[in-house]
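Protein chains in written order, with UniProt numbering: chain A, 1 to 448; chain B, 1 to 448.
As structure tokens, the structure follows; a few thoughts come after it.
There are 2 protein chains.
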Amino acid sequence: MPRKTVVIGGGAAGLGAAGGIKAVDPDAEVIVYTQFEDVAYSPCGIPYVHGGEIESFDKLILAGKQAYVDAGIDVHYETEVTAIDTAAKTVAVAGEGAVRYDRLVIATGFDYADPGVPGSDLDGLYYVKNIRRAAEWDKVIADTKRAVVVEASPLGVEMVTALAHRGIETHLIDPNPYPLAAMADPDIMAPVEESWRELGVHLHFNTTLEAFLGDGGRLRALKTSSGEIEAELAVVATHKTPNNRLASAAGIKLGSTGGIVVDDHMKTSAPDVWAAGDATEIPHGLTGVPLQGLTGSHAYAQGKVAGTNAGGGDRAYRAVYVPWGTPAGKWVIGGASFGEATATALGIPYVLGVAEGISRARYYPGVKKVKVKLLAEPGSLRLIGAQMVGGGEGIKERADFLAQAIRFGMTLHDLATMENVYSPAIGALNEPIVVAAQNGLADLAKKA
Amino acid sequence: MPRKTVVIGGGAAGLGAAGGIKAVDPDAEVIVYTQFEDVAYSPCGIPYVHGGEIESFDKLILAGKQAYVDAGIDVHYETEVTAIDTAAKTVAVAGEGAVRYDRLVIATGFDYADPGVPGSDLDGLYYVKNIRRAAEWDKVIADTKRAVVVEASPLGVEMVTALAHRGIETHLIDPNPYPLAAMADPDIMAPVEESWRELGVHLHFNTTLEAFLGDGGRLRALKTSSGEIEAELAVVATHKTPNNRLASAAGIKLGSTGGIVVDDHMKTSAPDVWAAGDATEIPHGLTGVPLQGLTGSHAYAQGKVAGTNAGGGDRAYRAVYVPWGTPAGKWVIGGASFGEATATALGIPYVLGVAEGISRARYYPGVKKVKVKLLAEPGSLRLIGAQMVGGGEGIKERADFLAQAIRFGMTLHDLATMENVYSPAIGALNEPIVVAAQNGLADLAKKA
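Here's what the structure looks like:
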């Protein structure tokens, strides 16, 4: 009899898992439960449709429903799983009753942190997540004159830019002194703030939300520690929290972030139960600090690993060094591992190498600034983190590289002596990463 | 008494050396001899001025003459060094007589290989090198209706695209079956050839030059193994050969390529004589095969190392894994170390991982193809080479990374499990390098 594997969740992790199972065990019966109407679209693209960069939500659809039927994956849409019984090895499914599994993958994703203030039930509060809701909200956005984005999280940063591009009077409120403070450094974000101001965005930092204020059940204004801001729309972009309700109720072990604890095979504390994606927490490769809410790329890769193992294969998920990147205002920001702010918060000592480089030959049209900041462990000078801000070109590829450099223990010496492509239209004589490493070494030599 | 260091050559290697000396020994007397009117411009930009992408030759000037005066570097312009006497530690300088040195750096650069056919003395043959000559030739190009580029070398590839952009009927002749055959693979160059055809370029492969044919001392046509091609202009882009005349006459050891042999400190066989740049040969990091004619970035870095050591410091030049990249037609090509063609020629066995990936989310405007081909050592699966062709974004940064990956012995497993940034506007869910590695492993698993 084919093995029956149940996957809870139809996002990147859940679908990665379903594919992973089928890859190692083509005969396995694979059922995916999702509470939504669709799977296989890119939620990460939603802010860019709102911003007008992508012309329609249809573009975000990656595969039709038939693709999963053809792959032998049985997706149950708009179907809620209400409980897991790890002893009986069943899940309780609304409308289906108890469904037996041989193997289970939990990929229940995230929720936005509850803003925890009065007025959360008003019309006009938008939590960006589901593509069908996004298409409805896009009509609301079309008629919106004033909007507030609550918190400069990664999604908040994207939505601020999107609403400003849309010509809406856009406000951003955030309790920290600068945007994306949980991951980026202030000097990296400074040009982003400047470019938002150029777009007419109103920035309210060191500002906490106190209430959503309504009028006839509809949002009228946001009450904040810096005063009232009138707005018809609030994009609530609070940080992501793991959706751990089912796992928690089933007694599966959770970690300090609330994420499901998994081993290096994405296995949970329960027998025959794996987990992947935003519902889990993953230790940082250098510090072991649990991380929660990584990217869709991580979720997909974790899903693949969970599915491979749930399907009877054997694949480890490698430690994460977290390359990241995103457009922000007119810039692209990115990095790997952590920056100065996080290192300082964690009490991790570091030495710095910084360079303001360029993306092409200085004289070639379209040349853009590329600022690179490298953090290295004192003594060994091994790379432990990096942050960048630039005009766009190559930030993502450099972030990928720097995460791998951290994984492989590359030092400032290794990066200072790295070869680089020089071709005027695509690369400058001196690669900014190399110059940053050389500057770091020169600073150390001066101090010595 | 300050140490007197003489540098022969005012290109990237020579100026890198001059700066390297001053960095470790600010009191050193540093004299640079150049036969040209200028130093400190970017010759690599010349094809892009011809192509119209860069508006004028002035843009290529990096620093004025005063910058070198200020730095304490004494540049003798339009001054030829005619001999080196390593026993007497002097150089013979036209107009100056014998000049004593304590330390010498030879950075005499390259010459284009002599095409070795009749008619080489005709007007209308353009060897791209010097910025003042380039400005004069640009006026000739403006009046040119038909041009032939001789050999699809890196410069030839750039000049074909430049002349085609300029609206000139452009022909390319090359003895090999496809362009850039000394370094790139045919599948990488196929889209480039197609884009040249779209630009109206006439491609003549498997074609050797037999003579330049003249009329009243001016070029009228090129006689080739495939017939005559009428043209008023021939860009002679034959391969680079080391300009080793002075070193050779001085009895300094040359290698199999004709390049000056240097140790890992860029020291030649003669006492107190270093060399750097295109005049030298450098062993390939994996194979030890001597390489000659690398990029301006290599020349500059080698010059820095030679200068640092000549100035009394101690710096090794790391083995080269040769990241490279250049626009070609409407594509950007690049890679690191070698591709299949070179590996096969050298008798080096390899396994392949290939992917046709994308530069951004599939649905994001401006998304471009990125083909990645990885060569790994059978058994260990260590990366030994890579080639790419793509729409532009990130080819240079990926080439830099892949060269470093080779240096650090990364395997297909390491690359298959690499994390990557996913953000729709700047990176796809799956990084093409990762997919190529995964495909390579999947192919091996199928064969096993």
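C-beta atoms are modelled at their ideal positions from N, C-alpha and C, and glycine is treated no differently.
Original post:
Is DSSP giving E158 of chain B helix, strand or coil here?
Top reply: For this step, residue 158 of chain B is matched to residue 158 along the second sequence. The answer is helix: DSSP assigns E158 of chain B an H, G or I state.
Original post:
Can you find a C-beta in chain B that's less than 9 Å from the C-beta of I395 of chain A?
Top reply: As a working mapping, residue 395 of chain A is identified with position 395 in the first sequence. Yes, I395 of chain A counts as interfacial toward chain B.
Original post:
Any beta-carbon of chain B closer than 9 Å to the one on residue 452 of chain A?
Top reply: For chain A, the structure presents residues 1 to 448; residue 452 of chain A sits outside this window and is missing.
**OP:** Quick one: grab the DSSP three-state call for residue 523 of chain B.
**Re:** Here chain B has residues from 1 to 448 only, and residue 523 of chain B is not among them.
**OP:** Determine which residues of the region 42 to 53 of chain B have a Cβ less than 8 Å from any Cβ of chain A, and write them out in chain order.
**Re:** S42, C44, G45, Y48 and E53
**OP:** Excluding the 5 residues preceding and the 5 following R218 of chain B in the sequence, name in chain order all residues of the same chain whose CB lies nearer than 7 Å to its CB.
**Re:** The sequence position of residue 218 of chain B within the second sequence is 218, counting from 1. Same-chain partners within the cutoff: L122, D123 and G124.
Original post:
Can you tell which of A:I229, A:D314, A:I8 and A:A98 has the C-alpha that lies nearest to the C-alpha of D74 of chain A?
Top reply: Indexing the first sequence from 1 puts residue 74 of chain A at position 74. When only C-alpha atoms are compared, the closest one is A:I8.
Original post:
With 16 as the cutoff for other CB atoms within 10 Å, does S56 of chain B come out buried or exposed?
Top reply: Taking the first residue of the second sequence as 1, we reach residue 56 of chain B at position 56. It counts as exposed.
Original post:
At a Cβ threshold of 9 Å, is P118 of chain A touching chain B?
Top reply: Against the first sequence, residue 118 of chain A aligns to sequence position 118. False, the Cβ-Cβ gap to chain B never drops below 9 Å.
Subject >> Extent of the continuous beta strand (DSSP E) run through E78 of chain B >> reply: On the second sequence, residue 78 of chain B is found 78 positions in, with the first residue counted as 1. Careful: E78 of chain B lies outside any beta strand (DSSP E) and carries neither H nor E.
Original post:
Considering only the beta carbon of each residue, do G285 of chain A and A343 of chain A sit closer than 9 Å?
Top reply: Locating residue 285 of chain A in the first sequence gives position 285, counting from the first residue. Locating residue 343 of chain A in the first sequence gives position 343, counting from the first residue. In this structure, A343 of chain A does not lie closer than 9 Å to G285 of chain A by Cβ.
**OP:** Return the residue from the list A:L60, A:S380 and A:G409 that minimises the CA-CA distance to Y41 of chain A.
**Re:** In the first sequence, the residue the question calls residue 41 of chain A occupies position 41. When each option's Cα is compared against that of Y41 of chain A, the closest is A:L60.
Original post:
Taking Cβ positions, are I21 of chain A and A310 of chain A nearer each other than 9 Å?
Top reply: Reading the first sequence from its first residue, position 21 is the one you call residue 21 of chain A. Reading the first sequence from its first residue, position 310 is the one you call residue 310 of chain A. Yes, these two residues count as a Cβ contact at 9 Å.
**OP:** Using only alpha-carbon positions, find the residue among A:M410, A:Y363, A:E377 and A:M388 that is nearest to I46 of chain B.
**Re:** Counting from 1 along the second sequence, the entry for residue 46 of chain B is found at position 46. Of the listed residues, the one whose Cα sits closest to I46 of chain B is A:Y363.
**OP:** Keeping to the same chain, check which residues put their C-beta closer than 6 Å to that of V192 of chain A; ignore five residues upstream and five downstream.
**Re:** On the first sequence, residue 192 of chain A is found 192 positions in, with the first residue counted as 1. Cβ neighbours of V192 of chain A beyond the five flanking positions: A328, G329 and W331.
Original post:
Which one of A:A134, A:R146, A:G216 and A:R166 has the shortest CA to CA distance from E232 of chain A?
Top reply: On the first sequence, position 232 is the one that residue 232 of chain A refers to. Closest option to E232 of chain A, Cα to Cα, is A:R146.
**OP:** Under 8 Å Cβ to Cβ from H204 of chain B, same chain only, skipping five residues before and after it: list those, please.
**Re:** As a first step, residue 204 of chain B must be located in the second sequence, where it is residue number 204. H171, L172, I173, D174, T224, S226 and I229.
Original post:
Counting only beta-carbon atoms, is W274 of chain B nearer than 9 Å to chain A?
Top reply: Counting from one through the second sequence, the residue named residue 274 of chain B turns up at place 274. So no, W274 of chain B is outside the interface.
Original post:
Closest to G313 of chain A by CA distance: which of A:G11, A:I426 and A:G19 is it?
Top reply: Position 313 of the first sequence, counted from the first residue, corresponds to residue 313 of chain A. Among A:G11, A:I426 and A:G19, the Cα nearest to that of G313 of chain A belongs to A:G19.
**OP:** Determine, using beta-carbon pairs with one atom in the region 364 to 373 of chain B and one in the region 293 to 301 of chain B, whether at least three such pairs fall under 8 Å.
**Re:** no
Original post:
Shorter than 9 Å from the beta carbon of S423 of chain A to some beta carbon of chain B?
Top reply: If you number the first sequence from 1, residue 423 of chain A lands on position 423. S423 of chain A counts as touching chain B.
Original post:
What in chain A is Cβ-close to R398 of chain B, meaning under 7 Å?
Top reply: Mapped onto the second sequence, residue 398 of chain B falls at position 398. Those are E397, listed as they occur along chain A.
Subject >> Those residues which DSSP pairs with Q387 of chain A across a bridge >> reply: Counting from one through the first sequence, the residue named residue 387 of chain A turns up at place 387. In DSSP, Q387 of chain A forms a bridge with A:G335 and A:K373.
Original post:
Is the beta carbon of G353 of chain A sitting closer than 9 Å to the one on N439 of chain A?
Top reply: Locating residue 353 of chain A in the first sequence gives position 353, where the first residue counts as 1. Locating residue 439 of chain A in the first sequence gives position 439, where the first residue counts as 1. Cβ distance < 9 Å, so G353 of chain A and N439 of chain A count as in contact.
**OP:** May I ask you to list, following chain order, the residues of the region 323 to 354 of chain B that have a beta carbon less than 9 Å from some beta carbon of chain A?
**Re:** P323, W324, G325, T326, P327, V332, G334 and A336
Original post:
How about A83 of chain A and L246 of chain A: are their beta carbons less than 9 Å apart?
Top reply: The residue you call residue 83 of chain A lines up with position 83 of the first sequence. The residue you call residue 246 of chain A lines up with position 246 of the first sequence. Yes, these two residues count as a Cβ contact at 9 Å.
Subject >> First and last residue of the uninterrupted beta strand (DSSP E) at I229 of chain A >> reply: Counting from 1 along the first sequence, the entry for residue 229 of chain A is found at position 229. G227 to E230 is the span of the beta strand (DSSP E), which, as asked, contains I229 of chain A.
Original post:
Using the C-alpha atoms, what's the distance from A184 of chain A back to E281 of chain A?
Top reply: Walking along the first sequence from the start, residue 281 of chain A turns up at place 281. Walking along the first sequence from the start, residue 184 of chain A turns up at place 184. Rounded to whole angstroms, E281 of chain A to A184 of chain A spans 20 Å at the Cα level.
Original post:
Closer than 9 Å, CB to CB, is M418 of chain A near chain B or not?
Top reply: For this step, residue 418 of chain A is matched to residue 418 along the first sequence. For M418 of chain A, the answer is yes, since a Cβ of chain B falls inside 9 Å of its Cβ.
**OP:** Consider the Cβ of residue 462 of chain B: report whether some Cβ of chain A lies at a distance smaller than 9 Å.
**Re:** Outside the displayed span of chain B (1 to 448) sits residue 462 of chain B, for which this structure offers no information.
Original post:
With C-beta atoms as the reference, is N130 of chain A less than 9 Å away from F36 of chain A?
Top reply: The residue labelled residue 130 of chain A in the question sits at position 130 within the first sequence. The residue labelled residue 36 of chain A in the question sits at position 36 within the first sequence. Yes.
Original post:
From the DSSP output, which residues share a beta bridge with F110 of chain B?
Top reply: Your numbering for residue 110 of chain B matches position 110 in the second sequence. DSSP output for F110 of chain B lists B:P242 as bridge partner(s).
Subject >> Nearest neighbour of G119 of chain B, chosen from B:A221, B:L374, B:S297 and B:M410 [CA to CA] >> reply: Mapped onto the second sequence, residue 119 of chain B falls at position 119. For the residues B:A221, B:L374, B:S297 and B:M410, the minimum Cα distance to G119 of chain B belongs to B:A221.
Subject >> Same chain only: Cβ atoms within 6 Å of P323 of chain B, ignoring 5 sequence neighbours per side >> reply: As a position in the second sequence, residue 323 of chain B is number 323, starting the count at 1. Cβ within range, chain order: A336, A399, D400 and A403.
Original post:
How far does the alpha helix (DSSP H) with P47 of chain A in it reach, from first residue to last?
Top reply: Looking up residue 47 of chain A in the first sequence gives position 47. First-last of the alpha helix (DSSP H) with P47 of chain A: I46 to H50.
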